[in-house]
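Residue numbers (our numbering): 657 to 991.
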């Protein structure tokens with residue numbers, strides 16, 4: 657989801673497609689939709705990309721159990737309800753169904769001082785196995801996963817729209833212009849917490865591939881490396897990138913599970929690593945306090961995201977004194 661966006665903000669503009677870019681529905685074209693609702697139709701925004709080319713969706717699979725047809729209309733009709741609820745269609749340039757994508761992404765670019773947002777969703781969410789070509793029959797469960805993922809990415813888009821609406825495009829650019837910026841780190845983690853919390857509250861969705869227990873299993877090694885580099889001249893550029901990636905991964909997973917715990921009230925379910933290692937409690941307790949404090953203050957400025965980034969590092973490095981924490985933050989992150 658947004659973790660990929662942390663590493664690269666200004667994404668390379670998509671290749672210009674031929675003038676006949678295809679939007680699709682298995683039963684009817686966008687032109688068949690009544691004129692009064694065409695401008696709000698999610699179908700007008702959807703394209704299927706394979707190897708960076710716009711092609712038609714796979715629609716039939718001949719398997720051992722017989723012929724299965726992709727019922728994309730049923731997925732898109734449900735998605736339309738979610739799309740309409742957000743009311744931000746004018747800000748979404750297109751919604752891409754992608755082969756090879758894990759789950760979903762929200763990509764924002766600034767072109768000629770204008771914000772363009774694309775939502776990307778995995779083809780697997782439509783029940784299509786990309787490797788075998790197998791199409792699984794439509795089910796309410798698969799449809800909910802598709803629409804929940806769409807909602808999650810639309811919440812990311814809403815967050816960007818709210819931020820730029822309050823503080824302007826220049827502020828947004830300043831947050832994300834440095835790949836190793838402390839403000840960008842704070843924004844990435846805080847935004848994921850907020851979006852996971854909103855998706856859980858609005859859609860009762862607690863689905864995530866993030867496993868905080870697995871991520872935290874690397875915490876001790878990371879802590880040792882951080883202390884080593886802080887006392888021995890600092891990491892190389894590649895080592896620095898690797899350290900930041902792992903710091904982001906741990907905090908990203910923690911933000912996801914803290915959001916779920918805060919909505920459900922079930923800390924044992926979502927933060928069960930506390931039973932596994934209570935030594936992490938100071939870190940997790942402080943991080944949850946940070947998330948809840950700033951969640952109520954959104955949209956946030958660059959200065960506030962810098963605060964979040966620093967405070968998260970402070971909570972993560974609870975075993976160091978304040979002067980050592982300052983040194984580590986200065987060593988790893990850009991201003």
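Note that CB positions come from ideal geometry on N, CA and C, so glycine has one too. Note that the structure is predicted; figures quoted are calculated from it, not measured.
Query raised in the report: Over what stretch of residues does the beta strand (DSSP E) that includes residue 764 continue unbroken?
Result: Translated into the one-based positions of the chain shown, residue 764 becomes position 108. Counted as a single uninterrupted DSSP element, the beta strand (DSSP E) harbouring residue 764 occupies residues 760-767.
Query - Cβ distance (whole Å) where residue 856 is taken to contact residue 916 below 8 Å - result: Indexing the chain shown from 1 puts residue 856 at position 200. Indexing the chain shown from 1 puts residue 916 at position 260. The Cβ separation is near 6 Å, so the contact holds.
Query raised in the report: Is there contact here, the stretch 946-964 with the stretch 838-858, by at least three beta-carbon pairs under 8 Å?
Result: Segments in contact, yes.
Report task. Below 8 Å on the Cβ atoms is my guess for residue 748 versus residue 813; work out the distance and round it to an integer in Å. Result -> The count along the chain shown starts at 1 and reaches residue 748 at position 92. The count along the chain shown starts at 1 and reaches residue 813 at position 157. At roughly 6 Å, the Cβ-Cβ gap stays under 8 Å, so residue 748 and residue 813 are in contact.
Query raised in the report: Can you tell me whether DSSP reads residue 771 as helix, strand or coil?
Result: Here residue 771 refers to the residue found at position 115 of the chain shown. In the three-state DSSP reduction, residue 771 falls in the strand class (E or B).
Requested in this report: Please name the residue in 704, 844, 796, 869 whose C-alpha comes closest to that of residue 956.
Outcome: Translated into the one-based positions of the chain shown, residue 956 becomes position 300. With distances taken between Cα atoms, residue 956 lies closest to 844.
Query raised in the report: If you pair each beta-carbon of the stretch 898-910 with each one of the stretch 863-871, do three or more pairs fall below 8 Å?
Result: With a cut-off of 8 Å, the stretch 863-871 and the stretch 898-910 count as touching, because enough Cβ pairs lie within range.
Requested in this report: In angstroms with no decimal places, state the Cα-to-Cα distance between residue 803 and residue 775.
Outcome: Within the chain shown, the letter at position 147 stands for residue 803. Within the chain shown, the letter at position 119 stands for residue 775. Between residue 803 and residue 775, the C-alpha separation is close to 12 Å.
Query raised in the report: What residue range is occupied by the uninterrupted alpha helix (DSSP H) comprising residue 965?
Result: The sequence position of residue 965 within the chain shown is 309, counting from 1. Residues 958-972.
Query - Spatially closest choice to residue 953 from 827, 819, 934, 935, by CA coordinates - result: Along the chain shown, one-based indexing puts residue 953 at 297. Nearest option by C-alpha distance: 819.
Query raised in the report: In terms of residues, what are the limits of the alpha helix (DSSP H) holding residue 862?
Result: Counting from 1 along the chain shown, the entry for residue 862 is found at position 206. Boundaries cannot be given for residue 862, as no alpha helix (DSSP H) includes it and DSSP labels it neither H nor E.
Report task. Give the single residue among 861, 899, 866, 864 whose Cα lies nearest to the Cα of residue 876. Result -> Numbered from its first residue, the chain shown carries residue 876 at position 220. Answer by Cα proximity: 899.
Query raised in the report: residue 744 by DSSP, collapsed to three states: which one?
Result: For the purposes of this step, residue 744 is taken as the residue at position 88 of the chain shown. In the three-state DSSP reduction, residue 744 falls in the coil class, being neither helix nor strand.
**Report entry** Residues bridged to residue 778 [DSSP beta-bridge criterion]
**Finding:** Against the chain shown, residue 778 aligns to sequence position 122. Residue pairing by DSSP puts residue 778 in a beta bridge opposite 754.
Query raised in the report: Which one of 713, 811, 730 has the shortest CA to CA distance from residue 848?
Result: Reading the chain shown from its first residue, position 192 is the one you call residue 848. For the residues 713, 811, 730, the minimum Cα distance to residue 848 belongs to 811.
Query - The alpha helix (DSSP H) enclosing residue 887, as first and last residue numbers - result: On the chain shown, position 231 is the one that residue 887 refers to. For residue 887, the uninterrupted alpha helix (DSSP H) run begins and ends at 875-887, by DSSP.
Query raised in the report: Cα-Cα, which of 832, 911, 732 is closest to residue 765?
Result: By 1-based counting over the chain shown, the position of residue 765 is 109. Ranking the options by Cα distance to residue 765, first place goes to 832.
Query raised in the report: Excluding five sequence neighbours on each side, which residues of the same chain lie with their C-beta closer than 8 Å to the C-beta of residue 918?
Result: As a first step, residue 918 must be located in the chain shown, where it is residue number 262. So the qualifying residues of the chain are 853, 944, 947, 948.
Query raised in the report: Which residues share a DSSP beta bridge with residue 951?
Result: Within the chain shown, the letter at position 295 stands for residue 951. According to DSSP, residue 951 bridges with nothing at all.
Query raised in the report: Per DSSP, residue 709 forms a beta bridge with which residues?
Result: The residue you call residue 709 lines up with position 53 of the chain shown. BP columns for residue 709 point to 706.
Query raised in the report: Taking the alpha helix (DSSP H) that residue 787 falls in, what are its first and last residues?
Result: Taking the chain shown and counting its residues from 1, the one referred to as residue 787 is at position 131. First-last for residue 787: undefined, no H or E at that position.
Query raised in the report: In three-state terms, what does DSSP make of residue 830?
Result: The residue labelled residue 830 in the question sits at position 174 within the chain shown. Of the three classes helix, strand and coil, the one that applies to residue 830 here is helix, per DSSP.
Report task. Tell me whether residue 939 is buried or exposed, calling it buried when 16 or more other Cβ atoms sit within 10 Å of its Cβ. Result -> Reading the chain shown from its first residue, position 283 is the one you call residue 939. With 16 or more other Cβ atoms within 10 Å, it is buried.
Query - residue 788, buried or exposed, once every other Cβ within 10 Å from all chains shown has been counted against 16 - result: Here residue 788 refers to the residue found at position 132 of the chain shown. Of the residues assessed, residue 788 falls on the exposed side of the cut-off, its CB having fewer than 16 other CB atoms within 10 angstroms.
Query - Own chain, CB closer than 6 Å to residue 706, minus 5 neighbours either side, in chain order - result: Indexing the chain shown from 1 puts residue 706 at position 50. Correct list, in chain order: 755.
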